[in-house]
Amino acid sequence: MTPSGYFLDHVWLVPLFPLFTAALMLLAGRRLRNGAVSALCVGSVAASFVFAAGAVLQLVAADPAQRVKQMILFAWVPAGPMHTAAGRLVDFVADWGVLLDPLSSVMVLVVTGVGLLIHIYSIGYMGHEGGYYRFFGYMNLFMFSMLTLVLANNLLLLFVGWEGVGLCSYLLIGFYFLRRSAADAGKKAFIVNRVGDTGFLLGVFLLVATLGTVRFTSAGLPVPSAYSGIAQALAAGIESHALAAGAPVLTAIALLLFVGATGKSAQLPLYVWLPDAMEGPTPVSALIHAATMVTAGVYMVARMNALYQLAPLALEVVAVVGAATAIFAATLGLAQNDIKRVLAYSTISQLGYMFLALGVGAFAAGIFHLMTHAFFKALLFLGSGSVIHAVSGEQDMRKMGALWSRIPTTAKTFLIAALAIAGIPPLAGFVSKDEILGKAFEHSPLLWLVGFVTAGLTAFYMFRLVNMTFFGTSRVDPEAARHIHESPRSMTMPLVILAALSVIGGWIGWPVALGGVNRFERFLEPVTRGATPETAAEGVAHHTMAGGYALMAVSVGIALAGIWLAYAFYIRRRELPGRVAASWPRLYRLLYRKYYVDEVYDAMFVNRTKDLGTALGAFDAGVVDGLGVDGAGWLTRATSRLSIWWDTWIVDGLVNVVGRAVRALSYPVRWVQTGVVSSYALFIVLGIVLGIVLLGYRLH
Amino acid sequence: MHLLDKALFYVFAGVAVISAVLVVTRRNAVHSAIFLITALLATAGIFLQLQAEFLFIVQVILYAGGIMVLFVFVIMLVNLDVALRQVQFNRQKWVAGIVVLALAAQLGLVIWTAGRIPGAGPGPNAAASPAPAPQLQPNAEMVARSLFGPYVLPLEIASVLLLVAMIGAVVMAKRKV
Amino acid sequence: MQELVHGLTQFARMNAGPLAFAVVLVALLPLMAGYLVLLERKIMADMQVRLGPMRVGPHGLLQPIADALKLLIKEDIIPENADLLVFWVAPATSVMAAMTALAAIAFGPGLQVARDLNVGILFVVGVSSLGIFGIVLGGWASNSHYSLLGALRSSAQLVSYETAAGMAMVSGLLLAGTLQIRGIVEAQRGHWWFICYAPVGFFTYLVASVAETNRAPFDLPEAESELVAGYMTEYSGFRWALYFLSEYTNMIVVASVATTLFLGGWLRPFASVRWLGFLDYLPPLLMLAVTAYCLVRVPQQPVAVQKWFLLAVAGCCALGAGMLAAPLALAPAKPYFAAVHGCFWFLLKVSAYIYVFLWLRFTLPRYRFDQLMRLGWQFLIPVSIVNVLGLGVALALADRWPLWASLAVTTLATLLIAAYLVRAGGRSTGEPAAAGKA
Amino acid sequence: MIPIGHYLFLSLALFIIGVIGVLTRRNVIIILMSIELILNAVNINLVAFARLFGDVAGQVFAIFIITDAAAEAAVGLGIIIAFFRNRETVLSDEMDMLKW
């Protein structure tokens with residue numbers, strides 16, 4: 007009784023629209039006019055969005071218990087029978103399939119919806135750039151990869167999308183590849199991600215060895231028992247006591263997968279690539295490095311919640327890493343002057359929030375924050391892009407200010423987004439962030455405290471940004487000041503839509519404490535239930551009404567405090583920041599230089615790698631070339647001298663002896679071989695004569 | 092009638108043999124070619140006498156009209172005044188002469204004695220056209236029926252041979268391969 | 002010895018008719034060739050709005066005889082280093098080949114030297130191909146570069162176009178189903194002439210026969226402006242006349258072959274259509290008309306000799322008319338009807354064919370040698386081969402389709418391929434390999 | 003009628019003359035012509051026996067031999083031209099590259 011309908015049955019088409027246009031762009035895009043490129047690429051994303059939305063609507067229309075649509079398009083890696091670590095004989099096969107359940111519905115809507123808006127925005131933003139078709143080709147390729155990732159029905163296919171988005175991220179960060187810093191940033195992103203991917207792959211291997219399957223679930227398939235999913239395999243393992251909750255192997259898998267997630271989702275310690283990734287065009291930052299790709303890690307962990315719920319230690323690690331990243335990145339955001347870098351650190355910080363939510367077992371809250379964050383962070387990035395557009399490409403906030411009335415639409419939508427991320431009710435950010443903080447408090451007050459402080463810092467640096475950009479006195483370059491203008495409709499229209507979503511987007515998850523029903527959590531509940539009912543019971547708990555109100559009030563309070571502080575620092579008394587920085591010069595330097603993390607990484611890894619290369623080079627030159635090759639050469643020469651002697655005197659000597667003997671013997675025969683045709687013919691005739699004589703003799 | 096036939100045969104045979112001798116002995120290759128043509132035409136006459144009209148015409152068209160034109164062409168392309176002044180016979184001519192005479196003697200003996208060996212076929216005096224011998228008429232039609240009937244495979248092979256020879260000749264005579 | 006003489010006389014008695022005809026043929030041929038030359042000059046003059054030879058005899062009618070006399074009494078020059086034997090043999094070979102070829106041609110029912118040769122038409126081809134030797138050897142024996150070049154060109158051309166001509170003839174032979182000349186002609190009695198069945202074959206043969214007789218526009222071997230006079234450069238006097246004779250004889254031969262194969266031979270047009278029988282009265286009337294014209298012109302001749310000569314011509318024509326009319330009117334002459342009238346129709350068709358030759362000569366410019374070779378090897382030979390294939394298919398199809406339909410289909414296919422060849426030939430601009438030969 | 007032996011002796015004569023030509027002449031073109039003579043001698047034999055036995059097969063074989071002669075002449079003369087171009091000679095005893 008799986009749900010069906012036209013869009014549901016054709017949901018596998020969703021990634022293919024962008025793939026088609028991406029192929030078209032990258033193969034033949036050079037010949038197309040810009041109008042055609044925009045129409046094709048935006049159109050394909052719109053088609054994806056329509057199909058995705060239709061499919062999700064048809065899915066939601068189904069009975070809550072039946073809201074899974076899984077299709078296996080073809081057997082992709084039919085590896086054949088194998089033994090799992092538990093000794094079970096399984097037929098391992100990785101399909102190319104599509105899984106649409108509540109979790110992936112949320113993701114697919116976010117990806118296609120936000121993606122569509124950002125594509126529309128890009129028409130205006132990239133309109134005057136070279137390589138227009140290339141940009142859209144990469145963007146569509148990214149859409150394909152991301153949708154593959156999101157709709158994958160198994161971990162291996164998810165990895166294909168995972169690497170695909172990594173590739174597109176690399177290509178788009180390095181879009182201005184003539185700029186040295188952009189090319190370097192691309193490489194940095196790619197290499198840092200490889201570190202994470204190593205862990206991810208190891209996790210996949212270990213998972214395959216342990217469970218013998220990579221399919222997420224067998225639900226939604228025609229004969230579920232014929233297909234084994236990870237959730238089902240885990241449940242079976244628990245039931246047969248082959249596995250136990252908290253077993254080391256499960257923890258190991260979970261941690262290894264999480265290493266991959268830290269790489270892709272820019273968590274400590276692999277976050278360093280994301281700030282540099284701001285070298286790419288702003289729509290890329292908005293789409294890939296804020297709304298979608300970086301949340302892939304969150305999605306993956308949520309998708310694997312069945313596993314994580316059986317590995318509490320790993321969940322603990324996730325929570326701690328998430329919380330640490332959140333506050334760490336927030337402090338970094340305090341001292342940055344580049345508008346996009348502030349937003350980048352903010353993204354890292356918010357991703358930390360999501361992992362904190364996942365770590366405390368609130369998978370739905372994490373995904374919810376993912377969604378709202380996608381709205382307002384995309385809005386923030388697009389808004390910043392609009393600002394940069396307005397001030398002729400300037401990104402330094404110290405050279406902005408007083409833009410409120412010059413670019414009103416951008417400023418207003420930006421302010422809404424800032425309020426949303428700061429957590430002011432009733433905007434989306436408030437709802438989702440508060441949910442996380444509430445769940446964290448239930449789990450551990452310490453983690454809550456970290457999140458709480460981070461919320462204050464977030465409000466502060468966001469409004470520092472808003473104040474420095476839109477209010478106060480104008481510090482814009484006089485040359486650029488004359489060109490300040492509002493962006494075109496194609497850019498402001500997505501801003502407005504995203505602003506609306508930032509306001510109302512949180513309402514579907516309106517908390518129970520404030521009289522809501524938290525539809526979102528109920529919607530995701532079938533997925534986040536975990537492998538076994540017992541573990542699920544652990545995850546779903548309810549805090550008391552009063553405690554909930556108190557927590558909300560406190561967090562709103564600290565957000566307001568942060569806003570006020572920012573107002574005080576950057577509007578009222580503008581000398582204060584300088585004085586603060588001067589009074590704690592070391593702290594300021596520390597923050598300004600981003601805790602010297604890049605330097606430390608350089609010293610610890612990059613330079614050591616270079617040293618290793620140098621050492622290996624020396625080894626190669628000295629030992630391999632010197633001893634090995636040269637020594638072997640000497641040995642060969644020595645041997646060959648011996649061989650020459652042997653050849654000259656024994657082998658050739660014998661040959662010569664034989665040759666002389668043959669020549670001596672052949673002298674009498676030589677005169678017959680004249681080389682003249684006539685004489686050969688004469689011999690033929692002679693032969694015939696003799697033959698006839700012989701024949702006549704015998705006949706006689 | 093009988094005698095006329097015989098006379099014709101001797102005329103043709105005589106022309107053929109004399110021309111053949113001249114072919115072999117002439118210094119100038121063009122003269123050789125002319126005498127070879129004469130010999131071939133005389134042979135064609137003998138064919139006609141033997142009721143082989145089709146072969147007669149094939150001999151005239153192909154041999155005299157085709158192959159010999161080729162020969163004359165090549166002689167003219169290759170003709171060297173030097174070659175005329177050189178020695179025309181090679182060193183082995185006397186040995187060769189003796190051997191060939193021996194061969195001639197043997198073969199003549201074979202033909203002469205053929206009739207006396209039982210089971211070896213008709214003797215040399217058997218009439219080439221015995222009275223009840225079936226007439227080979229209409230000749231062209233009979234040859235055609237035979238050629239495209241039992242001998243169709245050899246015919247095809249012969250055509251392939253010609254094709255190969257043609258390609259070979261073209262390749263060989265090309266200035267630059 | 003006596004027996005031999007007896008045998009010879011017996012042979013002569015049995016074959017008196019053909020022998021007599023052969024003698025007549027050999028005797029008349031130089032005359033015919035001479036008048037052909039006159040005809041050519043006259044027609045050329047007509048086309049160029051001139052009068053042509055008018056001095057010797059009425060309307061120049063005695064010109065050929067004067068020319069022949071002139072050639073006979075000219076000095077016979079032999080080049081110093083010429084190969085005497087070959088120099089002598091070559092023109093004789095040419096004439097011999099041409100005249101022997103005529104032996105197999107039937108000018109009318111029974112008007113044929115080699116009557117029951119069952120390879121009939123092939124004999125003509127074979128023997129006339131021997132004419133090449135006359136040209137090649139003549140050119141070589143002259144010991145002159147112009148002669149040799151002309152000879153090589155000429156023989157290359159002859160060899161090339163002989164193939165096309167042979168294939169074109171095969172199309173006629175396929176339709177007739179026999180090699181015998183009588184059979185070929187009789188096969189056209191009940192049908193249309195084969196030109197209607199195999200137009201492509203006829204066209205191919207027309208072009209190839211022009212090339213084979215070294216006539217314009219393919220007269221490269223004797224191109225005066227390029228090679229002086231080709232292989233005939235060193236020849237003069239009577240030997241030259243022999244070459245000339247052989248050329249015109251060859252024209253008659255190819256025209257006869259074409260007439261036999263494609264134009265119904267000695268048959269009256271629509272020979273089997275009964276109600277067109279009145280056409281039998283046409284020949285004598287035609288001759289009478291010529292006689293009348295001559296008689297009208299007699300008084301206008303300026304000199305008495307010419308008057309007498311023209312009168313003689315008129316008399317000859319009247320005699321001809323009488324001969325043609327006799328079988329129609331007189332009962333004892335009835336058996337000769339077919340021969341006399343057949344001969345008339347045959348010669349008429351041959352004349353028409355030769356007229357086309359002359360016409361071509363006066364209207365078309367000369368080809369370049371490589372163009373000539375390309376036309377031969379890349380167009381005519383493929384087209385003639387395709388034509389034979391097409392006819393074969395058509396004859397095979399004729400078992401179930403009407404003959405005209407199958408022939409139409411295959412002829413159309415052949416024409417399409419010919420059109421393709423023309424286009425492909427237009428595209429290829431490289432020097433053809435055959436051109437390097439000469 | 004003419005006895006078969008006459009044809010055979012005629013054929014023998016042509017054959018022997020051809021063989022002598024092949025064995026003694028130095029000019030390769032004349033050697034080739036002598037080979038044509040030999041083939042011709044064979045043809046006479048075949049046709050004579052065809053007449054004797056009243057079977058047309060002999061003539062068919064003669065046709066094949068003529069075909070073969072055509073092929074042989076084409077290739078042989080091609081070789082001669084190629085050789086002449088390289089070596090400026092048509093004498094058979096100067097064509098001794100086979101002997102090293």
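Residue numbers (my numbering), protein chains in the order written: chain A, 7 to 706; chain B, 92 to 268; chain C, 2 to 439; chain D, 3 to 102.
Here a beta-carbon is modelled for each residue, glycine too, at the ideal position from N, C-alpha and C.
No experiment lies behind these values; they were computed from the predicted model shown.
#1: Below 8 Å on the Cβ atoms is my contact criterion, and I expect L127/B with V114/B to pass it. Report the Cβ-Cβ distance as a whole number of Å.
#2: Using 8 Å as the limit for Cβ to Cβ distance, is V21/D near chain A?
#3: How about N119/B: is its C-beta nearer than 8 Å to some C-beta of chain A?
#4: Just to check my reading of the structure: N343/A and R404/A have Cβ atoms closer than 8 Å, yes? What is that Cβ distance to the nearest angstrom?
#5: Starting from the C-beta of V62/A, find all residues in its chain whose C-beta is less than 8 Å away, skip the five residues before and the five after it, and write them out in chain order.
#6: According to DSSP, simplified to helix, strand and coil, what is V92/D?
#7: Under 7 Å from any heavy atom of the ligand ADP, does the C-beta of W405/C make it?
#8: Indicate whether at least one CB of chain D lies closer than 8 Å to the CB of D172/B.
#9: Under 6 Å Cβ to Cβ from A424/A, same chain only, skipping five residues before and after it: list those, please.
#10: Counting along the chain, where does the alpha helix (DSSP H) carrying Q315/A start and finish?
#11: Could you tell me the alpha carbon to alpha carbon distance between T541/A and A239/A, rounded to whole angstroms?
#12: Distance cutoff 8 Å, beta carbons only. Does V657/A sit that close to anything in chain D?
#13: Using 8 Å as the cut-off, can you tell me whether the segment 57-76 of chain A makes contact with the segment 125-141 of chain A, which would need three or more C-beta pairs spanning the two stretches below that distance?
#14: Going by DSSP in three states, V482/A sits in which element: helix, strand or coil?
#15: Under a Cβ-count criterion, where at least 16 other Cβ atoms within 10 Å of its own Cβ denotes burial, should E442/C be classed as buried or exposed?
#16: Determine the closest residue to L123/C out of M55/C, T412/C, A104/C and G393/C, with distance taken between C-alpha atoms.
#17: Rounded to whole angstroms, what's the CA-CA distance from I355/C to V137/C? Just pull it up for me.
#18: I422/A lies in the alpha helix (DSSP H); which residues open and close that run?
#19: Among all the DSSP beta bridges, which residues are the ones paired with W102/A?
#20: Jot down the residue ranges of each uninterrupted alpha helix (DSSP H) in the segment 237-298 of chain A, minimum 4 residues, whole runs only, in chain order.
#21: Contact criterion: CB-CB distance below 8 Å. Does I37/D meet it with respect to chain B?
#22: Would you say the segment 60-79 of chain D touches the segment 29-41 of chain D, given that touching needs at least three Cβ pairs under 8 Å?
#23: Going along the chain, which residues of its own chain have a beta-carbon closer than 7 Å to the beta-carbon of L177/A, five neighbours each way excluded?
#24: So G693/A contacts chain D; which residues on that side make the cut at Cβ distance below 8 Å?
#25: Kindly indicate which three-state DSSP category G35/A falls into: helix, strand or coil?
#26: So, at 6 Å on beta carbons, what are the nonlocal neighbours of G20/D in its own chain, with the 5 sequence-adjacent residues on each side left out?
#27: Closer than 8 Å is the cut-off here; do at least three beta carbon pairs connect the segment 282-290 of chain A with the segment 180-189 of chain A?
#28: In angstroms with no decimal places, state the Cα-to-Cα distance between C174/A and V393/A.
#29: From this set, V304/C, V171/C and D281/C, which residue's C-alpha is nearest A339/C's C-alpha?
#30: Distance, Cα to Cα, D604/A vs V612/A?
#31: Would you list the residues sitting across from M86/A in a DSSP beta bridge?
#32: Rounded C-beta distance between V324/A and L357/A? I'm assuming under 8 Å.
#33: Are there three or more Cβ pairs, one per stretch, closer than 8 Å when the segment 257-272 of chain A is compared with the segment 205-221 of chain A?
#34: Does the Cβ of T479/A have 16 or more other Cβ atoms within 10 Å, making it buried, or fewer, making it exposed?
#35: Could you work out which residues of chain A lie near A187/B, taking near to mean beta carbons separated by less than 7 Å?
#36: Just the Cα atoms here: how many angstroms apart are T216/A and L163/A?
Looking at the atomic coordinates:
#1: 5 Å
#2: yes
#3: No, N119/B does not count as interfacial toward chain A.
#4: 5 Å
#5: L106, S111, V114 and L115
#6: coil
#7: Absent from the structure shown: the ligand ADP. Ligands present: none.
#8: no
#9: Here the set comprises M468 and V472.
#10: N311 to Q315
#11: With a pLDDT of only 43 at T541/A, under the threshold of 50, the placement of this residue in the model should not be trusted, and no figure is reported.
#12: no
#13: no
#14: coil
#15: In the structure as shown, chain C begins at 2 and stops at 439. Residue 442/C is therefore absent and cannot be evaluated.
#16: A104/C
#17: 25 Å
#18: P414 to A428
#19: F80/A.
#20: 254-270, 279-282 and 288-292
#21: So no, I37/D is outside the interface.
#22: Touching, yes, given that three or more Cβ pairs across the two stretches are closer than 8 Å.
#23: Y144
#24: Simply none; closest approach about 13 Å.
#25: helix
#26: Hits under 6 Å: S36, L39 and I40.
#27: yes
#28: Approximately 25 Å between the Cα atoms of the pair.
#29: D281/C
#30: 10 Å
#31: Note that residue 86/A is Gly in the sequence shown here, rather than Met. DSSP lists F98/A as partners of G86/A.
#32: Actually they are not in contact, since the Cβ atoms of V324/A and L357/A sit about 12 Å apart, beyond 8 Å.
#33: yes
#34: exposed
#35: L688
#36: Answer to the nearest angstrom: the Cα atoms are 18 Å apart.
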